[in-house]
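All remarks here apply to the structure that follows.
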Amino acid sequence: MALNVTKISQISPLADSSRENPYILPLTFFDLRWLNFMPNEQVIFYKLHDSSHDSFYSVILPRLEQSLSLVLGYYLPLAGHLTWNAQDPKPCIVVLPNDTVSLIAGEISDADFSSVSGKGLRPANEIRPLVPELPVSGDSPSLLALQVTLFPNQGFSIGIVSHHVFVDAITALMFIKSWAHICKHGATTLPEDITPVLDRTAINVPAGLEERMLELVPHLSQDKDNARTLKLPPTKEVSAEVYRLKLDLTLENVEKLKERAKNESKRSHLELHLSTYVVVNAYIWTCLVKARVGDVERPVAYEYAPDFRNRLGPSVRGTYSGACVFPICCLGYKAKHFLGEDGFINAVEIISDSVKRLGSQGIEVFFDMYADKTKNIEKGTDIWAASGSNRFSIYGSDFGWGRPVNSEVVSYDQSQIFCMSEMRDGTAGVEIGLCLKKDEMDILVSLFKNGLENNE
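The sequence shown maps to residues 23 to 478 in this note's numbering.
So, in structure tokens, the structure goes:
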């Protein structure tokens, strides 16, 4: 696909008296974990009945720009940049009075929108032209950049790239819903359930834990010789062998997986945490391990990043905006644990035990586990990480021209991450997006479908 850039706008947050001076937001323990993590890249697709050039440039784009300025007034840190001054013990987000967010407008005329916005098997790099790059000035990255791409007479997409240091999955979803609400309704205020809370004093962790996180940061960076670097990992060129796909699990599929876990586990089902999240992640992880042909003795692991908003004391409001997730890794397993008939049950029990510990152990315990894993993980461990949740749905984000037809996390072509979200039809089913080499994807799809058929 050939992108023709037609306009680049610099969108300022809605001005108020507080913008006369720099706005400084300190980073928390949770923010610091994501300091050098790859940016999140997402594209959301909207089908239009009237997507002519005239309607796009006279109606759609101006409304998106105006509403973006308004919503940035609520999410002011997104207009800023990350900086680490020599005299400061930790980095912070700084928004200068004239800071803006880049919004690129462009067109693609040589592509079929239905195919590009579909969920079927296709080359992973096909949709990369739909997301912008995150601007970086020296060693100081911005936090947000946007791109709106018109597919003439078909539809448009919104590409979003954001820095994980402020934007976890909940914050990302809130921002999109807030922007859509203002755009659709011409509002200047937000409902309480999507009004962001920026107060960093809400995050309470044990004394000394933040300093220990800062000591761990160099081990998480590609530039291990520079402990204070804010550079992000470069985007890797994606092989033509890597493909993208979305898989669907209906509510009926999920319930049958839960029943299978109850019936086949040797434990009492009362000991297991058989949530939709647990059984879906266990099923996908098992299929992924099986799809990767290799040494049965190879080390494998599963990682997820649960939300800690309601797991701190005192708990944090659900509309807190920033990073409030922390990675937890289930490791110490061999591929052979998941290759047999009991592979799914083994995965269920492993993930269930981990999720249950969230309610009884403090964040300092999970930090110790993660620090140990980071420094001592067995070389060659095949880690698959899960993101998102079956409770997350982007499909309610109507900017005024209808609900999205699809949403893709573009950046998952850079690593072994799969993403969960609620299905578009609102039936409590789950969709899973991921990228794999074509030969592995073919095996995965076969395993995925056969496993469900055998579960009938």
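Think of the CB as a built atom: it goes at the ideal place given N, C-alpha and C, for glycine as much as any other residue.
On the three-state DSSP scale, how would you describe S159?
To locate residue 159, count along the sequence shown from 1; it is residue 137. S159: strand per DSSP, three-state reduction.
Which residues in the same chain as I372 place their Cβ atom closer than 8 Å to its Cβ, once the five residues preceding and following it in sequence are excluded?
Numbered from its first residue, the sequence shown carries residue 372 at position 350. Sequence-distant Cβ neighbours of I372 in its own chain, meaning closer than 8 Å and more than five residues away, are A304, Y324, C352, Y355.
Can at least three beta-carbon pairs, one atom from the segment 233-241 and one from the segment 414-425, be found at a separation below 8 Å?
No, the segment 233-241 does not touch the segment 414-425.
Please classify G177: is it buried, with 16 or more other beta-carbons within 10 angstroms of its beta-carbon, or exposed?
Counting from 1 along the sequence shown, the entry for residue 177 is found at position 155. Counting every other CB atom within 10 Å of its CB across the protein chains shown gives G177 a total of 16 or more, marking it as buried.
Our contact map puts V187 next to E63 with C-beta atoms below 8 Å; I'd like the distance itself, whole angstroms only.
As a first step, residue 187 is located in the sequence shown; it is residue number 165 there, counting from the start. As a first step, residue 63 is located in the sequence shown; it is residue number 41 there, counting from the start. About 15 Å; that fails the 8 Å criterion.
Please state if the CB of W201 and the CB of V93 are separated by a distance shorter than 8 Å.
Mapped onto the sequence shown, residue 93 falls at position 71. Mapped onto the sequence shown, residue 201 falls at position 179. Cβ distance < 8 Å, so V93 and W201 count as in contact.
Taking the straight line between their C-alpha atoms, what separation do you get for N175 and L456?
Along the sequence shown, read from residue 1 onward, the residue named residue 175 stands at position 153. Along the sequence shown, read from residue 1 onward, the residue named residue 456 stands at position 434. For N175 and L456, the distance between alpha carbons rounds to 29 Å.
Confirm, please, whether the CB-CB distance from K459 to V311 is below 8 Å.
Numbered from its first residue, the sequence shown carries residue 311 at position 289. Numbered from its first residue, the sequence shown carries residue 459 at position 437. No, Cβ-Cβ distance for V311 and K459 is not below 8 Å.
How is the alpha helix (DSSP H) around D464 delimited, first residue to last?
Here the question's residue 464 lines up with position 442 in the sequence shown. 460-475 is the span of the alpha helix (DSSP H), which, as asked, contains D464.
Would you mind reading off the limits of the beta strand (DSSP E) that contains P240?
Against the sequence shown, residue 240 aligns to sequence position 218. Here P240 belongs to no beta strand (DSSP E); instead the alpha helix (DSSP H) covers 231-242.
Measure from the alpha carbon of A191 to the alpha carbon of each residue in F470, N226, R150, D329, then state which is nearest.
Position 169 of the sequence shown holds residue 191. If we check each option's Cα against that of A191, D329 comes out closest.
Should A46 go down as buried or exposed, given a rule of 16 or more other Cβ atoms within 10 Å for buried?
Taking the first residue of the sequence shown as position 1, residue 46 is located at position 24. Note that residue 46 corresponds to Ile in the displayed sequence, not to Ala. In the assembly as shown, I46 is an exposed residue. Its beta-carbon has fewer than 16 other beta-carbons within 10 Å.
Cβ distance (whole Å) where V260 is taken to contact N147 below 8 Å:
Here residue 260 is taken as the residue at index 238 of the sequence shown, counted from 1. Here residue 147 is taken as the residue at index 125 of the sequence shown, counted from 1. The pair is a contact, with the Cβ atoms about 4 Å apart (cut-off 8 Å).
Under three-state DSSP, which class holds G455?
Within the sequence shown, the letter at position 433 stands for residue 455. In the three-state reduction of the DSSP assignment, G455 falls in the strand class.
Residue range of the unbroken beta strand (DSSP E) whose run includes E268
Taking the first residue of the sequence shown as 1, we reach residue 268 at position 246. Reading off the sequence shown, one finds Lys at residue 268, where the question assumed Glu. Run containing K268: 264-271, per the beta strand (DSSP E) assignment.
Is the beta carbon of S91 closer than 8 Å to that of I480?
Examination of residue 480 is not possible in this model, given that the chain is present from 23 through 478 alone.
For A4, count neighbouring C-beta atoms within 10 Å of its own C-beta (all shown protein chains included) and say buried if the count is 16 or more, exposed if not.
With the chain covering 23 to 478 only, the question about residue 4 has no answer from this structure.
So the candidates are N428, V158, Y96; which of them puts its Cα closest to the Cα of L212?
Looking up residue 212 in the sequence shown gives position 190. Of the listed residues, the one whose Cα sits closest to L212 is Y96.
May I ask which residues mark the beginning and end of the beta strand (DSSP E) holding G410?
For the purposes of this step, residue 410 is identified with residue 388 of the sequence shown, where counting begins at 1. G410 -> beta strand (DSSP E) spans 404-410.
How is the beta strand (DSSP E) around K29 delimited, first residue to last?
Taking the first residue of the sequence shown as 1, we reach residue 29 at position 7. Note, K29: beta strand (DSSP E), 26-33.
Taking 8 Å as the threshold (C-beta atoms), are T341 and D215 in contact?
The residue you call residue 215 lines up with position 193 of the sequence shown. The residue you call residue 341 lines up with position 319 of the sequence shown. The answer is yes: Cβ separation under 8 Å.
Taking the continuous alpha helix (DSSP H) assigned at A480, which residues delimit it?
Look at the range of the chain in this structure, 23 to 478, and you will see that residue 480 is not part of it.
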